[in-house]
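Just so we're aligned, residue 1 is where the sequence shown starts under UniProt numbering, counting upward by one.
Think of the CB as a built atom: it goes at the ideal place given N, C-alpha and C, for glycine as much as any other residue.
Computed from a prediction, not measured in an experiment: that's the story for all the values here.
Below: the structure, in structure tokens.
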Amino acid sequence: MAKAIMVQGTMSNSGKTFVTAGLCRVFKQDGYKVAPFKSQNMALNSYITKEGLEIGRAQAMQAEAAMIEPTHWMNPILLKPTSNMGSQVIVNGEVYDNLSAQDYYKMKDNLAPEVMKAFRHLSEENDIIVIEGAGSPAEINLAENDIVNMGMAKMADAPVILVADIDRGGVFASAYGTIKLLPVDEQERFCGIVINKFRGDVDILKPGLAMLEELTGKPVLGVIPMEKIDVDDEDSLSDRLNQKTITEGIDVAVIRLPHISNFTDFSVFELIDGVSLRYVTDKKELGDPDLILLPGTKNTMGDMEWLIESGLEGAIIRAARTTRVIGICGGFQLLGKEMYDPDGVEHGGTMRGLGLLDTKTVFKEAKTRTRINGHIAEEHNIYGLENLSVEGYEIHMGVTENLGEAIPMITLEDGRTDAYMTKNGRIWGSYLHGIFDNEDLVFALVQDIMKEKGINPAENHLSIAEYKEIQYNKLADLIRNSLDMDAVYKALFGEKEEVVRCGGKKDDTSGKGLVHIYCGDGKGKTTTCVGLTVRAAGSGKKVLFYQFLKNNSSSERSILEKQPGINVVSGKELQKFTFQMNEEELKELRDYNNEMLDNLFEMAKDYDMLVLDESVYSIDKDLLDETKLIEHLEKKPFALEVVLSGRNPSERLIDHADYVSEIRKVKHPFDQGISSRIGIEM
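Now the structure itself:
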């Protein structure tokens with residue numbers, strides 16, 4: 001059975017989801033099978049698993065961080081608010097009922113067996129379960145029937161990390177109060193406190209941390225600095241929704257509906273150079289965007305009333321004369337002319353839509369919930385894409401029908417028509433959440449808008465999968481560098497398991513990047529570096545390659561520069577050999593090399609391997625600071641492989657390496673007067 005550790009917070013949005021995801025990636029890097037778990041989640045951001053079952057989007061994101069497939073076992077209870085007083089209750093991925101808050105509170109104790117069934121299933125398949133709490137454990141009015149905070153910790157027999165948000169202020173009071181409001185037996189479950197979202201000099205904070213430890217009797221496991229790491233957010237508390245800035249390029253406006261759901265559908269637009277994504281709640285804020293996006297909603301008809309009352313209905317209709325408009329799921333339903341709810345599934349009655357698509361929607365009790373593939377009809381050739389395959393997932397109650405003038409846009413693999421558009425293709429809607437994760441579609445859309453505006457679109461974009469991996473690895477590095485991971489492992493395993501600090505499970509360094517040194521007086525050091533570069537790139541890794549003391553003209557560069565996944569960085573153009581330089585020129589080169597070293601390690605955060613050819617020789621010639629290089633090696637991202645080469649490494653540098661290979665000269669044609677040959681030595 002798996003060991004479990006739980007992450008609770010002093011309040012909502014303290015960073016529980018963030019820390020849970022980070023721990024999942026750290027444990028995965030350290031060679032453990034790890035899975036996230038949240039017994040009860042309240043969120044409008046949901047996800048459909050491969051089995052067609054619905055869970056919170058946050059648990060799907062955490063599963064990505066753990067590098068496993070999301071399953072319904074990770075989130076047995078999902079509450080999707082339909083009003084201020086009630087929610088749709090989803091149990092083990094299936095709709096259970098629509099209940100008021102009071103009715104759910106009365107019956108939720110009956111769901112404890114379902115929670116433990118899911119938890120045990122995950123425990124049988126994994127080494128570690130990272131459990132996320134909800135809200136705060138100090139909500140003492142809810143403690144009696146708790147199955148999500150301390151109640152869950154007891155059922156799983158899990159130690160608890162308390163995460164406190166310092167950015168909002170009152171961090172010491174909130175951490176102390178949360179712990180001291182709980183019964184003594186529950187206080188004893190806390191293994192430590194984490195201060196999250198810190199800005200500034202941590203030394204100023206240290207006296208307060210010492211006092212907090214003394215008052216609570218709990219260690220502070222670490223302080224996590226405020227850092228921009230882009231992982232999917234859990235719910236409408238997301239800071240993304242407060243983004244209102246318009247920058248140069250394409251202006252994309254998302255209508256922030258009162259019951260907005262799955263707003264992460266649009267996060268991909270934030271990754272594209274020249275695109276600004278903002279959220280609009282008022283007709284004055286709408287302005288003149290290049291693209292309007294209507295997101296999903298848990299109450300389509302209720303949000304249509306809000307659009308009418310806020311004046312955004314008229315503003316969107318006017319903008320649609322010249323602006324492109326796209327709706328996803330509930331946003332797709334809003335684009336139509338009519339909405340009918342004969343059975344009171346959402347709102348009841350009949351209501352007009354925006355009238356931008358010639359469609360109508362009829363709400364029904366049955367919920368469509370599936371992952372599915374489809375293709376854009378070849379004859380439409382939208383954005384220049386012919387017969388493009390798309391993939392996504394559906395979560396909706398209702399069927400949308402063509403009233404006659406709408407153009408079918410996407411045909412699903414089961415034969416259904418998913419999406420409709422206007423004849424000119426500028427307004428369209430689809431039920432597919434995640435449709436913009438289809439990179440060909442989203443980049444073609446953006447480039448089409450750019451061309452219309454006379455903007456030259458960028459040729460290269462980072463793939464969505466690559467971007468996510470970079471963010472998860474950054475998050476893991478942040479957690480490792482901020483928390484006392486020895487203490488975390490001790491809380492998990494006690495003294496029984498031998499754990500290597502920042503290294504992983506005993507005899508398992510899966511995921512850890514190592515340090516190579518290739519040295520000696522023989523030919524082959526650069527050749528080895530180039531060979532490793534090619535091998536890493538051939539396996540799909542991203543490599544950053546740099547050569548010290550060379551003038552950017554070596555033959556290997558011309559082929560490496562053409563290979564996908566390899567970034568060859570140009571260095572300083574050298575007009576003479578170093579032995580010909582005076583002291584001023586040598587100092588200038590030394591300063592340049594040290595600055596370049598800093599830049600390379602900063603760039604390398606987005607890479608799997610960093611190759612620093614002739615770095616060791618540069619140190620030997622006092623043209624690179626060894627202390628600076630060692631500091632970078634000590635602080636490097638956990639998964640980053642670093643390759644160094646050159647003659648005469650010091651014992652100090654060797655101590656920081658995992659591989660040291662000496663290439664010894666036995667014989668060399670240079671000794672016979674044969675100079676370097678192009679393609680062999682240069």
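Excluding residues up to 5 positions away in sequence, Leu-549, Leu-586, Leu-589, Lys-621 and Leu-623 lie with their Cβ nearer than 8 Å to the Cβ of Thr-578 in the same chain.
Annotated three-state conformation of His-433 is strand, per DSSP. Ile-179 and Asn-110 have their C-alpha atoms roughly 27 Å apart. Rounded to the nearest whole angstrom, the CA to CA distance from Val-280 to Phe-493 is 48 Å. Judged by beta-carbon spacing, Ile-48 lies beyond the 8 Å limit of Tyr-472, meaning their Cβ atoms are not closer than that value.
Rounded to the nearest whole angstrom, the CA to CA distance from Gly-404 to Lys-453 is 32 Å.
DSSP places Asp-185 outside any beta strand (DSSP E); the residue lies instead in the alpha helix (DSSP H), whose first and last residues are 184 to 187.
The residue from Lys-665, Lys-667, Arg-647 and Val-642 with its alpha-carbon nearest to that of His-656 is Val-642. Per the coordinates, the alpha-carbon of Glu-313 lies some 5 Å from the alpha-carbon of Leu-307. Per DSSP, reduced to three states, the secondary structure at Leu-53 is coil, with no helix or strand assignment.
Beta-bridge pairing by DSSP links Ile-48 to Glu-54. Comparing C-alpha distances from Asn-402 to each of Tyr-518, Asp-358, Ser-554 and Pro-637 shows the shortest one belongs to Asp-358.
Nearest neighbour of Val-115 by Cα position, chosen from Lys-283, Ile-654, Met-74 and Thr-417, turns out to be Met-74.
The alpha carbon of Ala-377 has as its nearest neighbour, out of Asp-418, Asp-341, Thr-350 and Pro-342, the alpha carbon of Asp-418. Runs of beta strand (DSSP E) with 3 or more residues, each lying fully within the stretch 250 to 332, are found at 250 to 255, 275 to 280, 291 to 294 and 324 to 328, listed in chain order. The continuous stretches of beta strand (DSSP E) do not include Ile-140, and DSSP gives it neither H nor E. Spanning the alpha carbons of Asp-282 and Ser-539 requires a straight line of approximately 49 Å.
A direct Cα-to-Cα measurement between Leu-597 and Gln-333 gives close to 54 Å. Taken atom to atom, the span from the alpha-carbon of Lys-38 to that of Asn-84 is near 23 Å. By the beta-carbon neighbour count (other beta carbons within 10 angstroms, threshold 16), Gly-15 is buried. When Gly-565, Asn-594 and Asn-582 are compared, the shortest CA-CA separation from Lys-572 is found for Asn-594. In chain order, Lys-38, Asn-41, Ala-43, Asn-45, Ser-46, Tyr-47, Asn-75, Leu-78 and Glu-234 place their CB closer than 8 Å to the CB of Gly-56, counting only its own chain and leaving out the 5 sequence neighbours on each side. Non-local C-beta neighbours of Met-339 in its own chain, meaning closer than 6 Å and more than five positions away in sequence, comprise Met-301, Met-351, Gly-353 and Thr-361, ordered along the chain. Annotation for Ile-90: Glu-54 and Leu-78 place their beta carbon closer than 6 Å to its own, counting only its chain and skipping 5 residues before and after. Per the coordinates, the alpha-carbon of Ala-143 lies some 14 Å from the alpha-carbon of Gln-187. Taking all protein chains shown into account, Val-666 has fewer than 16 neighbouring C-beta atoms within 10 Å of its C-beta and is therefore exposed.
Contact between Pro-36 and Gln-8 fails: their C-beta atoms lie close to 14 Å from each other, not under 8 Å.
In terms of Cβ geometry, Phe-190 and Pro-225 do not form a close pair [threshold 8 Å].
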